[in-house]
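J.: Protein chains in written order, with this note's numbering: chain A, -2 to 157; chain B, 6 to 380.
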Amino acid sequence: MTAPSSPDTQAENAEVIARQRVMRVLAQAPDQQLEDLYEQFADKPDWTFARKPETGLVMTRGRIGGGGAPFNLGEITVTRAAIQLESGEVGHAYCQGRNQRKAAIAAFFDAAWLSEAHKQSVEANIIAPLEQEQVTAKKDKLKKAAATKVDFFTMVRGDG
Amino acid sequence: MYVAVKGGEKAIKNAHTLFAAKRRGNENVPGLRLDQITEQLSFAVDRVMGEGSLYDPELAAMAIRQAQGDLIEAIFLIRAYRTTLPRFGYAEPIETGKMAIERRISATFKDLPGGQVLGPTFDYSHRLINFDFDAEAAPETPPSSDEDIDLNAEVPRVSDILGKSGMIEPDHRFDEGHETGDLTRTPIDFPTDRDVRLQNLARGDEGFLLALGYSTQRGYARSHPFAGEIRFGEVEVEFFAEELGFAVPIGTMEVTECQMINQFKGSAKAPPAFTRGYGLVFGQAERKAMSMALVDRSLRWKELGEEFSAPAQDQEFVLSHSDNIQATGFVEHLKLPHYVDFQAELDLIRTMRKEFDAQQNENGDDDAPKMEAAQ
Chain A
-2 MTAPSSPDTQ AENAEVIARQ RVMRVLAQAP DQQLEDLYEQ FADKPDWTFA
48 RKPETGLVMT RGRIGGGGAP FNLGEITVTR AAIQLESGEV GHAYCQGRNQ
98 RKAAIAAFFD AAWLSEAHKQ SVEANIIAPL EQEQVTAKKD KLKKAAATKV
148 DFFTMVRGDG
Chain B
6 MYVAVKGGEK AIKNAHTLFA AKRRGNENVP GLRLDQITEQ LSFAVDRVMG
56 EGSLYDPELA AMAIRQAQGD LIEAIFLIRA YRTTLPRFGY AEPIETGKMA
106 IERRISATFK DLPGGQVLGP TFDYSHRLIN FDFDAEAAPE TPPSSDEDID
156 LNAEVPRVSD ILGKSGMIEP DHRFDEGHET GDLTRTPIDF PTDRDVRLQN
206 LARGDEGFLL ALGYSTQRGY ARSHPFAGEI RFGEVEVEFF AEELGFAVPI
256 GTMEVTECQM INQFKGSAKA PPAFTRGYGL VFGQAERKAM SMALVDRSLR
306 WKELGEEFSA PAQDQEFVLS HSDNIQATGF VEHLKLPHYV DFQAELDLIR
356 TMRKEFDAQQ NENGDDDAPK MEAAQ
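#1: Just to confirm the assignment, what range does the beta strand (DSSP E) spanning F46 of chain A have?
#2: Considering just the uninterrupted stretch of the beta strand (DSSP E) at E262 of chain B, what are its terminal residues?
#3: Quick check: what's the CA-CA separation for A379 of chain B versus G369 of chain B?
#4: For T57 of chain A, count neighbouring Cβ atoms within 10 angstroms of its own Cβ and tell me buried if that reaches 16, exposed if not.
#5: Looking at chain A, is there any beta carbon in it that lies within less than 8 Å of the beta carbon of L76 of chain B?
#6: To be precise: take each residue of the region 69 to 97 of chain B, compare its Cβ to all Cβ atoms of chain A, and keep it if any distance is under 8 Å. Which residues remain?
#7: What did DSSP end up calling R28 of chain B once you bin it into helix, strand or coil?
#8: According to DSSP, is D137 of chain A part of a helix, a strand, or is it coil?
#9: Check whether the region 248 to 263 of chain B touches the region 28 to 40 of chain A, taking contact to mean three or more Cβ pairs, one atom from each stretch, closer than 8 Å.
#10: Counting pairs of Cβ atoms below 8 Å between the region 217 to 235 of chain B and the region 332 to 351 of chain B, do you hit three or more?
#11: Can you confirm whether the region 43 to 53 of chain B touches the region 283 to 292 of chain B when touching is taken to mean that 3 or more C-beta pairs between the two stretches lie within less than 8 Å?
#12: Grouping DSSP H, G and I as helix and E and B as strand, with all else coil, what is G65 of chain A?
#13: Of all the residues that make up the region 117 to 149 of chain B, which are near chain A by a beta-carbon distance shorter than 7 Å?
#14: Among the residues of its own chain, which have a CB less than 6 Å from the CB of G310 of chain B, if the five just before and after it don't count?
#15: Could you work out which residue in B:A96, B:I80 and B:P125 is closest to G238 of chain B when comparing CA atoms only?
#16: Please tell me whether L203 of chain B and L214 of chain B are closer than 8 Å, where the distance is taken between their beta carbons.
#17: What residue from A:I80, A:R95, A:V119 and A:G62 has the CA that sits closest to V19 of chain A's CA?
#18: Measure the Cβ-Cβ separation of P126 of chain A and Q97 of chain A and say whether it is below 8 Å.
#19: Check each candidate in A:T145, A:K135 and A:G85 and name the one with the smallest Cα separation from N157 of chain B.
#20: Would you say S164 of chain B reaches chain A, if we count a Cβ-Cβ gap shorter than 8 Å as a contact?
#21: Measuring CA to CA, which of A:V147, A:S84 and A:P27 is closest to P118 of chain B?
#22: Could you pull out every residue in the same chain whose Cβ sits closer than 7 Å to the Cβ of H177 of chain B, ignoring the five residues on either side in sequence?
#23: List, in chain order, every chain B residue whose beta-carbon is nearer than 8 Å to that of T74 of chain A.
#24: Is the separation between the beta-carbon of I88 of chain A and that of A108 of chain A shorter than 8 Å?
#25: Taking only beta carbons into account, state which residues of the region 118 to 146 of chain A come closer than 8 Å to chain B, listed in chain order.
#26: So, does the region 350 to 358 of chain B touch the region 97 to 106 of chain B, judging by three or more C-beta pairs under 8 Å?
#27: Could you confirm whether any beta carbon from chain B is found closer than 8 Å to the beta carbon of T6 of chain A?
#28: Taking buried to mean at least 16 other C-beta atoms within 10 Å of its own C-beta, is S3 of chain A buried or exposed?
#29: Using 8 Å as the threshold, is the C-beta distance between F105 of chain A and W44 of chain A below it?
#30: How long is the line joining the alpha carbons of K11 of chain B and K18 of chain B, rounded to whole angstroms?
#31: How is Q45 of chain B classed by DSSP in three states: helix, strand or coil?
#32: Are the CB atoms of E234 of chain B and S130 of chain B nearer to each other than 8 Å?
#33: Beta-carbon within less than 7 Å of E241 of chain B's beta-carbon, same chain only, minus the 5 sequence neighbours each way: which residues are those?
#34: Does DSSP classify G168 of chain B as helix, strand or coil?
#35: Is E12 of chain A buried or exposed, if buried means 16 or more other CB atoms sit within 10 Å of its CB?
#36: Report yes if the C-beta distance between T88 of chain B and E63 of chain B is below 8 Å; otherwise report no.
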């Protein structure tokens, strides 16, 4: 049993979950689409790199038997970047793949989402529509898989 | 031993030019685009990612194209590339229970919760070449189910279902303080733990593991397995970023997981129950995941108090020979000049031959005809 979390911790958790959602949506966005969204984004605040884009590896892990002790499965390419807006907010990105421009743009939108001035615009024009597309695409894929579900009926041996 | 030889630079340069032209082939045929490889040769891409031990479909496609479809050469390119990048750290373990399942079958339970999903597969096809295949034609649209899809739904693994009744061993855990081994950082020290064995098998050569798994079925370390469950689909990858203090979802990857269930008659300490072999591989790679699970199980003979009788149980043999890049490096190095070595051996053979002939002459004529017949 874990102790009931304080209101402070709960608020902090909610903040982390909200940020994870933003970073997830940006990391999973198609490269070109993110580029287009950046070009179209109105009133871009000035920014500088807090950490220049860098491509590296993260070792992914599985669990023995599916739920047991971790083991190292193999690496995945990841590009990270951090961007600071002129208003001070620092946005981070860790995006699968080697596209450094994508990571920079993702970090920019993360920073803009953190700023009071741009949060609503980023949420409405970038995050929500991307998320909707991602959810729809995933559901479509799973619906096609679900159409291949087997309905078994057991034949009784020796009958006829 | 081989020695450096000077000369041949021009020949090598011309050979490379010739090879590049061979790679391109007939220039009237359109050149291969990377998206053609990632979209239409996904099993080749998955194999290169798995055995290259690097998940990056576009990179795998580049390697396949450059290697002209020689997948081991492509894997070699991937392994070489990964050494040029810094390691940011270790991801959180993936949760295969939360996989967005595209395919899931069980040979042990007909009505498993969550259902059997055939998904995209070669299985149930007749393996006949389709002479009418039109690569340009748009395929029929796959039907969609009208059921509601819950993206957060968890699908229990077969092992969890059997586990509730205690009829199957639980997931493997180590004693407290065990640090997850990483063979890319520390060379394997035999005997080694199951985490390192699984890492080695996950990047091991599919053909080698297939043959070993097959050998266990044919009676070399008899294991009587059932394919408890095979699932394939997308999982999320999260990385704990120190500077942020939380796990960042960095993207998704496709994996195949295999739960092999094996009969176990029990030992002095453990009651009879089913035991398990586990397979987990990048991409859609069922043959590899199944082979991995069979070999994982056979390598556990000591822990389960079984008899040692076969190569698939010998961890030093299996783990030392599973890596096709190490293997190809050592086999193919035989092509390098061994002129000095060979001269030395030739001299040795000449000396031995002289001694042999001298011996024959000493023994007189009686033995000579016999010798000839034996030859």
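Idealized CB from N, CA, C, for every residue including glycine.
T.: In short, the structure shows the following:
#1: Taking the first sequence and counting its residues from 1, one reaches residue 46 of chain A at position 49. F46 of chain A -> beta strand (DSSP E) spans W44 to R60.
#2: The count along the second sequence starts at 1 and reaches residue 262 of chain B at position 257. Unbroken beta strand (DSSP E) run through E262 of chain B: F251 to N267.
#3: On the second sequence, position 374 is the one that residue 379 of chain B refers to. On the second sequence, position 364 is the one that residue 369 of chain B refers to. Unreliable placement is indicated for A379 of chain B, whose pLDDT of 48 sits below 50; the coordinate value is still reported in the next sentence. Approximately 17 Å between the Cα atoms of the pair.
#4: The count along the first sequence starts at 1 and reaches residue 57 of chain A at position 60. Per the 10 Å Cβ criterion, buried.
#5: As a working note, residue 76 of chain B is residue 71 in the second sequence. It does not; no Cβ of chain A falls within 8 Å.
#6: R87, L90, P91, R92, F93, G94, Y95, A96 and E97
#7: Within the second sequence, the letter at position 23 stands for residue 28 of chain B. R28 of chain B falls in the helix class under three-state DSSP.
#8: For the purposes of this step, residue 137 of chain A is taken as the residue at position 140 of the first sequence. It is helical.
#9: no
#10: no
#11: yes
#12: As a working note, residue 65 of chain A is residue 68 in the first sequence. In this structure, G65 of chain A counts as coil in the three-state DSSP scheme.
#13: G120, Q121, V122, L123, G124, P147, P148 and S149
#14: For the purposes of this step, residue 310 of chain B is identified with residue 305 of the second sequence, where counting begins at 1. If we look at G310 of chain B and ignore the five residues flanking it on each side, its Cβ neighbours are S272.
#15: Residue numbering aside, residue 238 of chain B sits at position 233 when the second sequence is read from its first letter. For the residues B:A96, B:I80 and B:P125, the minimum Cα distance to G238 of chain B belongs to B:P125.
#16: Working through the second sequence from its first residue, we reach residue 203 of chain B at position 198. Working through the second sequence from its first residue, we reach residue 214 of chain B at position 209. Not closer than 8 Å, so no.
#17: As a first step, residue 19 of chain A is located in the first sequence; it is residue number 22 there, counting from the start. Checking every option, the nearest Cα to that of V19 of chain A belongs to A:V119.
#18: For the purposes of this step, residue 126 of chain A is taken as the residue at position 129 of the first sequence. For the purposes of this step, residue 97 of chain A is taken as the residue at position 100 of the first sequence. Result no, Cβ atoms of P126 of chain A and Q97 of chain A do not sit closer than 8 Å.
#19: For the purposes of this step, residue 157 of chain B is identified with residue 152 of the second sequence, where counting begins at 1. Nearest C-alpha to N157 of chain B: A:K135.
#20: Translated into positions along the second sequence, residue 164 of chain B becomes position 159. Output row for S164 of chain B: interface = yes.
#21: To locate residue 118 of chain B, count along the second sequence from 1; it is residue 113. Per the Cα distances, A:V147.
#22: If you number the second sequence from 1, residue 177 of chain B lands on position 172. For H177 of chain B, where only same-chain residues beyond five positions count, the Cβ hits under 7 Å are R199.
#23: Translated into positions along the first sequence, residue 74 of chain A becomes position 77. Within chain B, the residues near T74 of chain A are L59, Y60, D61, L64 and L90.
#24: Against the first sequence, residue 88 of chain A aligns to sequence position 91. Against the first sequence, residue 108 of chain A aligns to sequence position 111. According to the sequence provided, residue 88 of chain A is Gly. The question's Ile does not apply to it. Yes, these two residues count as a Cβ contact at 8 Å.
#25: V132, K135, K136, D137, K138, L139, K140, K141, A142, A143, A144, T145 and K146
#26: no
#27: Reading the first sequence from its first residue, position 9 is the one you call residue 6 of chain A. Answer no: the Cβ-Cβ gap between T6 of chain A and chain B never drops below 8 Å.
#28: For the purposes of this step, residue 3 of chain A is taken as residue 6 along the first sequence, with counting starting at 1. Exposed, by the Cβ-count rule.
#29: By 1-based counting over the first sequence, the position of residue 105 of chain A is 108. By 1-based counting over the first sequence, the position of residue 44 of chain A is 47. Contact: yes.
#30: The residue you call residue 11 of chain B lines up with position 6 of the second sequence. The residue you call residue 18 of chain B lines up with position 13 of the second sequence. Distance between the alpha carbons of K11 of chain B and K18 of chain B is about 14 Å.
#31: Residue numbering aside, residue 45 of chain B sits at position 40 when the second sequence is read from its first letter. It is helical.
#32: Here residue 234 of chain B is taken as the residue at index 229 of the second sequence, counted from 1. Here residue 130 of chain B is taken as the residue at index 125 of the second sequence, counted from 1. It is not a contact, given that the beta carbons lie outside the stated cut-off.
#33: Locating residue 241 of chain B in the second sequence gives position 236, where the first residue counts as 1. Answer for E241 of chain B: P254 and T257, listed in chain order.
#34: For this step, residue 168 of chain B is matched to residue 163 along the second sequence. Of the three classes helix, strand and coil, the one that applies to G168 of chain B here is helix, per DSSP.
#35: Within the first sequence, residue 12 of chain A is the residue found at index 15, counting from 1. It counts as exposed.
#36: Within the second sequence, residue 88 of chain B is the residue found at index 83, counting from 1. Within the second sequence, residue 63 of chain B is the residue found at index 58, counting from 1. For T88 of chain B and E63 of chain B, no; Cβs fall outside 8 Å.
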